Ligand code: SF4
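Numbering (the working numbering), first residue to last: 1 to 402.
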């Protein structure tokens, strides 16, 4: 029988590596890295976080996409949503002839135009069980780039469902990965999930579990979490036994704190032995996300005068890196080098707590005289985008490294 499901590539990685490196690497970034992650350009000292940019999951997904294009030059190739949350990498996919299938406002994909002869690439975040089944039913060739760390979380959610525990997932329900993760609960009949965005929502859950005064009523709870919980979710029944998981790119400290809060709520009802029957947890932040957050925390022990964080505005892990940096120093989250205008000296950036807006800052964003500039980038940002941004900052100061 012809193989139609691939998740280990096509053996073209070595052949395509020079092409991929040429498109995404940066000599400038390599230079700073080889100088111990610190380098000096005129009056500017540049410090690069020791872990930044493409993670192993993104590397793999991008490799597979290139391999797919070379393996099936005559076939129609689709991508389910974005390969990763970086506009430049996604544009490259379009340039290579890949068509994107975008979800509707409810996150639903329409595969009605996909034929059995076509090829469909599943992105690093994975797809929901229903979408996966729909694609298998079409019989098209599936190239599954779902990251191993995401699969690891799925297994955890599946095991919670198998054992009768509701998965409480710390994540954004609108994010592809959280939706896909939540759907894994359906692998077992009666499997339940609830997605909590942040500590404020987790507190609502904790208050309900512990029966604290002023907690939401059952109806209020159901209304508040409508669309973020499994169908028919009943807090009176489904919060009795819970297991905690998270979207892999959330802020690790937030996920841990949320898990602890829920544990505390359970401890108001049960003793240490009994609580094991009602609460489970398992760290599911991926190591790449953790390493990037740790590298920023290390850098912030001696904060630079200014920090630039580069990555897609819809990239969860990039937003979290910027959030971390803002606690310590003036930080600008930019999508790419075009946010920095050499002529006017201005920068466009995404401010904290803004879902997708940009704002313009005056030229004064760069300190006068010598200063230390910190740089990092999200797990979906290629190194050349870091290099291009740095070149523009240096140019404003009259330093040409081209
Ligand atoms: S951020 Fe982590 S889970 Fe997501 S693709 Fe990268 S390695 Fe995988």
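Glycine included, C-beta positions come from ideal geometry on N, C-alpha and C.
The structure presented is a predicted model; accordingly, all values stated were derived computationally and were not measured.
query = What does DSSP give as the partner residues of residue 246 in its beta bridges?
reply = 170
task = Can you say whether residue 368 is buried or exposed, counting buried as having 16 or more other CB atoms within 10 angstroms of its CB?
result = Residue 368 is exposed by the Cβ-count criterion.
query = For residue 96, does the count of other Cβ atoms within 10 angstroms reach 16, so buried, or fall short, so exposed?
reply = The residue in question, residue 96, is exposed, as its Cβ has fewer than 16 Cβ neighbours within 10 Å.
ask   = Mapping DSSP to helix, strand and coil, what is residue 350?
value = strand
request  = Confirm, please, whether the CB-CB distance from residue 193 to residue 185 is below 8 Å.
outcome  = yes
message = Quick check on DSSP: helix, strand or coil for residue 98?
response = coil
Residue from 249, 191, 252 with nearest C-alpha to residue 241 = Taking only the C-alpha atoms, the option nearest residue 241 is 191.
message = Quick check for students: name the residue ranges of the beta strand (DSSP E) that lie wholly in the stretch 276-325, counting only runs of 3 or more.
response = 279-281, 306-310
task = Go ahead and pull the three-state DSSP assignment for residue 82.
result = coil
inquiry  = Taking the beta carbon of residue 327 as the centre, do at least 16 other beta carbons fall within 10 Å, making it buried, or is it exposed?
reply    = Counting Cβ neighbours within 10 Å, residue 327 comes out exposed, since fewer than 16 surround it.
ask   = For the stretch 378-388 against the stretch 47-66, are there 3 or more C-beta pairs whose distance is under 8 Å?
value = yes
query = Is the CB-CB distance between residue 208 and residue 221 below 8 Å?
reply = yes
inquiry  = Please identify the residue among 371, 64, 315, 1 whose C-alpha is closest to the C-alpha of residue 146.
reply    = Closest option to residue 146, judged by alpha-carbon separation, among 371, 64, 315, 1: 64.
ask   = Should the stretch 284-300 be regarded as contacting the stretch 239-256, the criterion being three or more beta carbon pairs within less than 8 Å?
value = yes
inquiry  = Could you check whether the Cβ of residue 205 sits closer than 7 Å to any heavy atom belonging to ligand 1?
reply    = no
inquiry  = Using 8 Å as the threshold, is the C-beta distance between residue 125 and residue 43 below it?
reply    = no
query = Where in the stretch 132-208 do unbroken runs of the beta strand (DSSP E), each at least 3 residues long, occur, reported from the N-terminal end onward?
reply = You should have 141-144, 166-170, 193-196.
query = DSSP beta-bridge partners for residue 5?
reply = 142
ask   = Under a Cβ-count criterion, where at least 16 other Cβ atoms within 10 Å of its own Cβ denotes burial, should residue 344 be classed as buried or exposed?
value = exposed
inquiry  = Given 7 Å as the limit, tell me if residue 150 has its C-beta closer than that to any heavy atom belonging to ligand 1.
reply    = yes
ask   = How many Å lie between residue 266 and residue 206 at the Cα?
value = Cα to Cα, residue 266 sits roughly 8 Å from residue 206.
request  = Please list the segments of the alpha helix (DSSP H) lying wholly inside the stretch 8-79, counting only runs of 4 or more residues, in order along the chain.
outcome  = 13-24, 27-34, 56-71
ask   = Should residue 309 be listed as close to ligand 1, given that the test is whether its C-beta is under 7 Å from any heavy atom?
value = no
ask   = Per DSSP, which one or two residues make a beta bridge with residue 273?
value = Residue 273 pairs with nothing; no bridge assigned.
query = Touch check for the stretch 106-126 and the stretch 137-151: three-plus C-beta pairs under 8 Å?
reply = yes
ask   = Are the stretch 111-119 and the stretch 131-143 in contact at 8 Å, needing three or more beta carbon pairs?
value = The stretch 111-119 vs the stretch 131-143: in contact.
Proximity of residue 299 and residue 387 at Cβ, strictly below 8 Å = no
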